[in-house]
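Colleague: Dumping the structure here so I can ask a few things about it.
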Amino acid sequence: MPTVVACLGDSITEGSPHWDSRSRTGDPTGQWEYWAGLAHPELELRNFGIWGERTDEIAARFDEAVEGAEVLIVQGGINDIAQGRSLAAAAEQLAAMVERGLALGLRVAVCDVLPWNNGWPGAEAPIRELNALIASLEVPLLPFHDTLEDPDLPGRMKLEWTDADGDHPSIAGYRRLGESAFQSSIRLLRTDDDSATEAV
124 MPTVVACLGD
134 SITEGSPHWD
144 SRSRTGDPTG
154 QWEYWAGLAH
164 PELELRNFGI
174 WGERTDEIAA
184 RFDEAVEGAE
194 VLIVQGGIND
204 IAQGRSLAAA
214 AEQLAAMVER
224 GLALGLRVAV
234 CDVLPWNNGW
244 PGAEAPIREL
254 NALIASLEVP
264 LLPFHDTLED
274 PDLPGRMKLE
284 WTDADGDHPS
294 IAGYRRLGES
304 AFQSSIRLLR
314 TDDDSATEAV
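Numbered according to the working numbering, the sequence shown terminates at residue 323, and the numbering increases by one at each position without gaps.
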């Protein structure tokens with residue numbers, strides 16, 4: 124039986140603008156979970172991302188997402204920043220989801236916030252501040268931000284990994300998240316007595 128991984132978040136988890144998780148329409152290769160699943164066929168990655176949601180709205184869907192899961196990946200925060208919400212409150216929502224997952228006996232990881240090209244330069248400082256709070260959570264971190272950040276243009280995603288909308292990754296960007304950011308940290312979720320997740 125595959126290990127069920129619940130991926131709970133906003134448009135970045137969903138795969139926007141390429142994939143609609145509710146209608147299950149669009150280009151499935153526009154999800155980072157698609158590429159992570161190709162590399163790890165022993166995993167069943169379930170996409171519970173919905174575009175536009177803040178962390179409090181993501182948290183409201185927690186119970187639905189974790190049903191039957193063994194692993195939880197929490198992602199969110201950019202919409203809190205876009206709407207001028209408190210960074211501390213967003214971090215608290217993410218931390219609460221992490222704690223709820225751990226209390227259920229799930230293996231839990233968290234993603235940090237991507238650079239936001241359309242929001243640069245104003246969004247750069249809040250993103251870095253929120254990411255520092257996310258990194259302080261005592262669970263594995265999937266380094267989404269640094270995986271797509273342009274080293275020559277700090278605070279922005281590299282052009283080849285950015286969709287034309289300037290808000291989301293391109294399919295190449297989602298592929299990089301699934302193949303690189305996921306791979307870099309997911310092994311930390313492995314348990315010694317769970318042979319089904321040996322490659323995790």
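Cβ atoms here follow ideal geometry from the backbone N, Cα and C, with glycine treated the same way.
Could you check which residue in S293, W284 and T270 has the C-alpha nearest to that of S303?
Modeller: T270
Colleague: According to DSSP, is W158 helix, strand or coil?
Modeller: helix
Colleague: Let me know the secondary structure DSSP gives V189 once reduced to three states.
Modeller: helix
Colleague: Can you give me the Cβ contacts of D203 inside the same chain, cut-off strictly under 6 Å, excluding the 5 residues immediately before and after it?
Modeller: R177, T178 and A213
Colleague: Quick one: Cα of E156 to Cα of G301, how far?
Modeller: Between E156 and G301, the C-alpha separation is close to 6 Å.
Colleague: Grouping DSSP H, G and I as helix and E and B as strand, with all else coil, what is P238?
Modeller: DSSP places P238 in coil when its eight states are reduced to three.
Colleague: If you follow the beta strand (DSSP E) that V96 is part of, which residue opens it and which one closes it?
Modeller: Nothing about residue 96 can be read from this structure; the chain reaches only from 124 to 323.
Colleague: Which term fits L217, buried or exposed, when burial requires 16 or more other beta carbons within 10 angstroms of its beta carbon?
Modeller: buried
Colleague: By the DSSP assignment, the alpha helix (DSSP H) with E215 in it spans what residues?
Modeller: Run containing E215: L210 to A226, per the alpha helix (DSSP H) assignment.
Colleague: For E272, does the three-state DSSP call read helix, strand or coil?
Modeller: strand
Colleague: Pick helix, strand or coil for V323, following the three-state DSSP scheme.
Modeller: Low local confidence applies: a pLDDT of 37 at V323 is under 50, so the model's placement there is unreliable, and no value is given.
Colleague: Counting along the chain, where does the alpha helix (DSSP H) carrying G296 start and finish?
Modeller: Going by DSSP, G296 is part of the alpha helix (DSSP H) stretching over I294 to R299.
Colleague: For my contact list, M187 and P125 are in at a C-beta cut-off of 8 Å; report their separation, rounded to the angstrom.
Modeller: Before going on, a small fix: residue 187 reads as Glu here, not Met. Going by Cβ atoms, the distance from E187 to P125 rounds to 19 Å, so no, they are not a contact pair.
Colleague: Got a sec, what are the start and stop residues for the beta strand (DSSP E) R169 sits in?
Modeller: L166 to G172
Colleague: From this set, V233, G132 and G138, which residue's C-alpha is nearest R298's C-alpha?
Modeller: G138
Colleague: Do you know whose CA, among S146, E165 and G200, lies nearest E180's CA?
Modeller: From the listed residues S146, E165 and G200, the smallest Cα separation to E180 is found for G200.
Colleague: Just checking my contact of V221 with V262 at CB under 8 Å: how many whole Å lie between their CB atoms?
Modeller: 6 Å
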